[in-house]
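Below is one structure; the comments refer to it alone.
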Amino acid sequence: MSGAAIALTIVVAVVAGTIAFGLWSVRSIPKDPVQYIVGGRSFGTILLWVLLAGEIYTSFTFLGMAGWAYGRGAPAYYIFAYGVVGYIVGYFLLPAIARVGKERGLLTAPDFFVERFGSRALGVGVAICQFVLLVPYVTLQLSGLQHILQIAGYGAYDATAAVGIAFLFVALFVFTTGLRGTAWASVIKDVLVLGAVLFAGIAIPIQFFGSHATLIDQVLRRHPGFLTLRPGTAPNGAIWYVTTVLFTGVGFFMGPQSFNAAYSARSENTLRRNAIFLPIYAGVVLLLVFFAGLSALLIVPGLTGPNADQSFLLVVQRYYPPWVIGFVAAAGALAALIPASALLLAAASLFAKNVLGEFGIATTDASRTLATRVLVLIVAGAAVVLWILQPRTLVELLLIYYNGVAQFAPATIATFVWRRITVWGAAAGMGAGLILAVVLSNANLPLWGINPGFVAMAVNAVVLVVVSLLTAKIKEPATASS
Amino acid sequence: MVSLRATLAAIPIAALSVAVPLVNQVEPRVFGLPFVMFWIVAWGFAAPVFLWAIGRLERRW
């Protein structure tokens, strides 16, 4: 057997085994939307742990952190820092969202806005925006999977068909099991990812450089200034770092899939415990990936663009036996496919409930579950088509996703801390934030180094407050328990 | 008056964001890491302690 055959066989076996494990652990096929979409609100600490870790740390984090460490150095620290800020915000926000979800029987992220503002029209608007933001994010996972399969195949074949087939199976898996299957499959994914990064972040630096301190010494000698931030307004400099950490940290749990995860928790303390312990796991993973990226910078220098993202995989591929790259690539493939399954479910459920449902389609429990299932397949198909049509613009699409979903944060947080917010203020703030986020993400203005999403969120918050005060007499906000 | 809980949450957030440009240097190296990197990693692992303390104040455990 050639190296590529051995490595790819391992990837296929692991992915197939994980899907089989997910199917086996679910046992019954849910027809009730609460079971299908939010796991019957019964997830304990461990299932929620793997679900949240699975949704947040995708193949892009896995490869992106290494790519940033390789290509930029110090700016990669932000990936480590914003997650921690995100968990601190999440400690307060996730239980609050879960409480509203449980008391009011919410299923999707737009449901939250319908409930808090008493406006179904706002729900439709939020649902359409979130759906449009999610599809390219799913597409991004396909692209990550393609890079990983190409490395595992030693560049010898075109992975397009394999990516399509893998994705079809994952869509059918979500179609069958819903959120519970995704959570169980995440257990295997997290164990494999941890194993892969322990190897890449500990074994590679020690084997090639003797110790991590020596690795850092050599990086500093060859690239002075690489491991400190550039000052002030420089691109990826100090101002960029501060605004990016604050902005992405506040927006960390604003993806619709995170609302679904919050609703799935058995209790509020389950979410709090996760907010405390997840950053430790995430921190270890990211730190090790950072070391792997730095090692690759010295071992295989000179890569640019998307190739930089694959740098540490290339080291594994070149210097280790095929079964090693097989397992590392399998971990990476699951890191693309499992988060994609949660994204598919979030996109399908919010479209079925908050768009189709509002227009009188599929309003009973059984038909709503069926509509969500069919939409899972449609969204998966749309993501594959988008991926085949425009694979080059993905980085811009990712920026729009991150900058876009974070724009739901000011209104979400305000419903818990500022009782004078009105539906008009929320809608105007989100609208202004989303438009600015899309425009600024693509405009390439300097903005004195400030992250464009930060600017959009600040404008969003100001518009929210001003319009709320101006429209205070028109409509009182729905004040559920806070 | 700012509550103790809010302060406990704000300290690690500030340490990981606005404070980082103030410690943006290689020396002194700690455990072989550049100082700024050690600072960020250390606060990342300290943040859970702050959250746990907030939970205690709220009598959640």
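Residue numbers (this note's numbering), protein chains in the order written: chain A, 785 to 1266; chain B, 129 to 189. Cβ coordinates follow ideal geometry from the N, Cα and C atoms, glycine included. Since the structure is predicted, the reported quantities are computational estimates derived from the model, not experimental observations.
Residue pairing by DSSP places Leu161 of chain B opposite B:Val158 in a beta bridge. Under the DSSP definition of a beta bridge, Ala1049 of chain A partners with A:Phe827.
Runs of the alpha helix (DSSP H) spanning 4 or more residues and lying entirely within the stretch 986–1023 of chain A occur at 988–993, 996–1006, in chain order. Met1038 of chain A carries a coil assignment under DSSP once its states are collapsed to helix, strand and coil. Scanning its chain for C-beta atoms nearer than 7 angstroms, with the 5 sequence neighbours on each side dropped, one finds around Leu1062 of chain A the residues Trp833, Leu836, Ala837, Tyr871, in chain order. Listed along the chain, the chain B residues whose CB falls inside 8 angstroms of the CB of Gly1067 of chain A are Val169, Gly172, Phe173. In this structure Gln930 of chain A is buried. Its beta-carbon is surrounded by 16 or more other beta-carbon atoms within 10 angstroms. Contact between Gly806 of chain A and Thr961 of chain A holds: their C-beta atoms lie close to 6 angstroms from each other, under 8 angstroms. In this structure, the straight-line span from the alpha carbon of Asp1001 of chain A to that of Ala1124 of chain A is close to 38 angstroms. Contact between the stretch 1079–1089 of chain A and the stretch 797–812 of chain A is not established, with fewer than three Cβ pairs separated by less than 8 angstroms. At a Cβ-Cβ threshold of 7 angstroms, Gly907 of chain A and Pro894 of chain A count as neighbours.
When DSSP states are grouped into helix, strand and coil, Ser145 of chain B belongs to the coil group. The three-state reading of DSSP puts Ile1234 of chain A in coil, since its state is none of H, G, I, E or B. One thing to note: Gln153 of chain B has its Cβ no nearer than 7 angstroms to the Cβ of Phe166 of chain B.
Taking a Cβ-Cβ threshold of 7 angstroms, the residues of chain B close to Asn1053 of chain A are Arg188, in chain order.
7 angstroms or more divides the Cβ of His996 of chain A from the Cβ of Gly172 of chain B.
For Tyr938 of chain A, there is no enclosing alpha helix (DSSP H), as DSSP marks it with neither H nor E.
Judged by their CB atoms, Ala858 of chain A and Leu1011 of chain A are nearer to each other than the 7 angstroms cut-off.
If you compare the alpha carbons of A:Ala1119, A:Phe1111, A:Leu1248, A:Phe1043 with that of Arg883 of chain A, the shortest gap goes to A:Phe1043.
In this structure, Tyr854 of chain A lies away from Ala1132 of chain A, with their beta-carbon atoms at least 7 angstroms apart. DSSP, read as helix, strand or coil, puts Ile813 of chain A in coil.
Straight-line measurement puts the Cα of Arg187 of chain B at about 41 angstroms from the Cα of Glu155 of chain B.
At a cut-off of 4 residues, the continuous stretches assigned as alpha helix (DSSP H) that sit fully inside the stretch 1095–1157 of chain A are 1095–1103, 1106–1135. The CB of Leu179 of chain B comes closer than 9 angstroms to the CB of Tyr871, Ile872, Tyr875, Arg1056, Ala1059, Ile1060, Pro1063 in chain A, given here in chain order.
Considering only A:Phe846, A:Ala1059, A:Leu878, the residue with the shortest C-alpha distance to Leu978 of chain A is A:Phe846.
DSSP, read as helix, strand or coil, puts Asp1093 of chain A in helix. When the five nearest sequence neighbours on each side are left out, the beta carbons in the same chain lying within less than 6 angstroms of the beta carbon of Leu1220 of chain A are those of Ala1240, Val1243, in order along the chain. For Val154 of chain B, the nearest beta carbon of chain A is closer than 7 angstroms to its own beta carbon.
Counting along the chain, Asn1226 of chain A sits inside the alpha helix (DSSP H) bounded by residues 1207–1227. Going by beta carbons, Leu917 of chain A and Tyr1186 of chain A fall outside the 7 angstroms limit. For Ile1000 of chain A, at least one C-beta of chain B is nearer than 7 angstroms to its own C-beta. Against chain A, the CB of Ser131 of chain B has no partner CB under 7 angstroms away; the residue lies outside that interface.
The continuous stretches of alpha helix (DSSP H) do not include Gly902 of chain A, and DSSP gives it neither H nor E. For Val1246 of chain A, not one C-beta of chain B is nearer than 7 angstroms to its own C-beta. Interface annotation, Tyr854 of chain A: not in contact with chain B, CB-CB separation never under 7 angstroms.
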